[in-house]
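**Q** Okay, here's the structure, questions in a sec.
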Amino acid sequence: MFKSVKISYDDVSGLLMSRGGNKAILIAQINLDLLEELIRFLERLEEATLKLESYLQPSLHIVAFERNELLQHCEIRTKSSKDVDESEKEVVIPRDSDNIATIKRLVKDVLTEKWHVEDLHVLAALLDPRQKDRLAIFEVSFVQVRRCKTLLKTIMQDVAENVDADVESLEVEVVKERPSKRRRTRPGLCNSDEEDEGMSGRTATVTLTLAEKIQREFDHYFTLKLTKDEKRTFELLLWWKMKGMIVTT
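Numbering-wise, UniProt numbering puts 158 at position 158 of the sequence shown, and it's gapless, one number per residue.
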């Protein structure tokens, strides 16, 4: 609504002026500088709202991030700064006026009081490889992160048990070399099949419990780093579709 007022201000003002009357005086009282400030402040809130209410893309994992971004956005600007507008032109953003500073304080107080990051949001953020190690930056407490990591392991175990009852243990074959006596052969000739069989190793089986398997996958995921290409074209669901089938042993 504010954007439409700004865009049509000159046309509406000229039309009202041509007709005369008190209405022309009312529109002339609009503070355009304050209007631009307000639009600039509200644009980031609109962007966050559209992201969080999306139903075609996952949004639970960005709740902690967006909340922190909006709280930072409510910090009062005491100095002018440079930015890039929609047309990619460099613009200078002046320091906040007293009116905008007051609005920012009010909005920040409401966000802090009403918007709490729940365990479900932290769990979702932990499953985003871009955020899993950065939750402290988003003002998520260490205690909550640790609690949610424990909850995540419990969920992994419940899913594994429900998907396949046979996943309770994982057998891994370990090859152990066994030295064998080699029969003398004439120089320049290959070993016989009988000798090759004598060189074959024995295999032993190591059994991992479901808890051990989950811990191994858990540790592997939290040491995983995204490549530059993955960061540039990252899509959460697609990433898990490609990576979620990898089994670590």
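Ideal placement from N, C-alpha and C gives every residue a C-beta, glycine not left out.
(1) Is the Cβ-Cβ distance between residue 93 and residue 83 less than 7 Å?
(2) So residue 236 and residue 121 are supposed to be a Cβ contact under 8 Å. How far apart are they, rounded?
(3) Let me check understanding here. Comparing Cα to Cα, which of 140, 130 and 134 lies closest to residue 115?
(4) Would residue 143 be called buried (16 or more neighbouring beta carbons within 10 Å of its own) or exposed?
(5) Excluding the five sequence neighbours on either side, which residues of its own chain have a C-beta within less than 6 Å of the C-beta of residue 10, listed in chain order?
(6) Using a threshold of 7 Å, state whether the C-beta atoms of residue 35 and residue 24 are closer than that.
(7) Is residue 114 helix, strand or coil when you go by DSSP?
(8) Would you mind reading off the limits of the beta strand (DSSP E) that contains residue 93?
(9) Express the C-alpha separation of residue 131 and residue 137 in angstroms, rounding to a whole number.
(10) According to DSSP, is residue 151 part of a helix, a strand, or is it coil?
(11) In this structure, does DSSP put residue 186 in helix, strand or coil?
(12) Could you check what DSSP says for residue 236 in three-state terms: helix, strand or coil?
(13) Using CA atoms only, rank isn't needed, just tell me which of 148, 241 and 213 is closest to residue 160.
(14) Is it right to say residue 2 is buried, meaning 16 or more other beta carbons lie within 10 angstroms of its own, or is it exposed?
(15) Strictly by DSSP, which residues pair up with residue 85?
(16) For residue 117, is the classification buried or exposed, using 16 other Cβ atoms within 10 angstroms of its Cβ as the cut-off for buried?
(17) Would residue 37 be called buried (16 or more neighbouring beta carbons within 10 Å of its own) or exposed?
(18) Quick one: what's got a C-beta closer than 7 Å to residue 149's C-beta in the same chain, skipping five residues either side?
(19) Can the beta-carbon of residue 111 be found less than 7 Å from the beta-carbon of residue 50?
**A** On the basis of the coordinates in this document:
(1) The sequence position of residue 93 within the sequence shown is 93, counting from 1. The sequence position of residue 83 within the sequence shown is 83, counting from 1. Yes, Cβ-Cβ distance for residue 93 and residue 83 is below 7 Å.
(2) If you number the sequence shown from 1, residue 236 lands on position 236. If you number the sequence shown from 1, residue 121 lands on position 121. Between residue 236 and residue 121, the beta carbon gap of about 14 Å keeps them out of contact (Cβ cut-off 8 Å).
(3) As a working mapping, residue 115 is identified with position 115 in the sequence shown. The shortest Cα separation from residue 115 among 140, 130 and 134 belongs to 140.
(4) Here the question's residue 143 lines up with position 143 in the sequence shown. An exposed status is given to residue 143, since fewer than 16 other beta-carbon atoms sit within 10 Å of its beta-carbon.
(5) Taking the sequence shown and counting its residues from 1, the one referred to as residue 10 is at position 10. Counting only Cβ-Cβ distances below 6 Å, and skipping sequence neighbours, we find nothing.
(6) As a first step, residue 35 is located in the sequence shown; it is residue number 35 there, counting from the start. As a first step, residue 24 is located in the sequence shown; it is residue number 24 there, counting from the start. No, the Cβ-Cβ distance between residue 35 and residue 24 is not below 7 Å.
(7) Here residue 114 is taken as the residue at index 114 of the sequence shown, counted from 1. In the structure shown, residue 114 sits in a helix (DSSP, three-state: H, G or I).
(8) Locating residue 93 in the sequence shown gives position 93, where the first residue counts as 1. Segment 90 to 93, the beta strand (DSSP E) holding residue 93.
(9) Residue 137 sits at position 137 when you count from the first residue of the sequence shown. Residue 131 sits at position 131 when you count from the first residue of the sequence shown. Rounded to whole angstroms, the separation of the alpha carbons of residue 131 and residue 137 is 10 Å.
(10) The residue given as residue 151 occupies position 151 in the sequence shown. Here residue 151 sits in helix by DSSP.
(11) Numbered from its first residue, the sequence shown carries residue 186 at position 186. Note that residue 186 scores 46 on pLDDT, short of 50, meaning its location in the model is unreliable and no value can be drawn from it.
(12) Here the question's residue 236 lines up with position 236 in the sequence shown. DSSP, reduced to helix, strand and coil, places residue 236 within a helical segment of the structure shown.
(13) The residue given as residue 160 occupies position 160 in the sequence shown. That would be 213, whose Cα lies nearest to the Cα of residue 160.
(14) As a first step, residue 2 must be located in the sequence shown, where it is residue number 2. Answer is exposed; the Cβ neighbour count stays below 16.
(15) If you number the sequence shown from 1, residue 85 lands on position 85. Residue pairing by DSSP leaves residue 85 without any beta bridge partner.
(16) Here the question's residue 117 lines up with position 117 in the sequence shown. Buried is the call here.
(17) Numbered from 1 along the sequence shown, position 37 holds the residue referred to as residue 37. Residue 37 is buried by the Cβ-count criterion.
(18) Here the question's residue 149 lines up with position 149 in the sequence shown. These residues qualify, in order along the chain: 126.
(19) As a position in the sequence shown, residue 111 is number 111, starting the count at 1. As a position in the sequence shown, residue 50 is number 50, starting the count at 1. No, the Cβ-Cβ distance between residue 111 and residue 50 is not below 7 Å.
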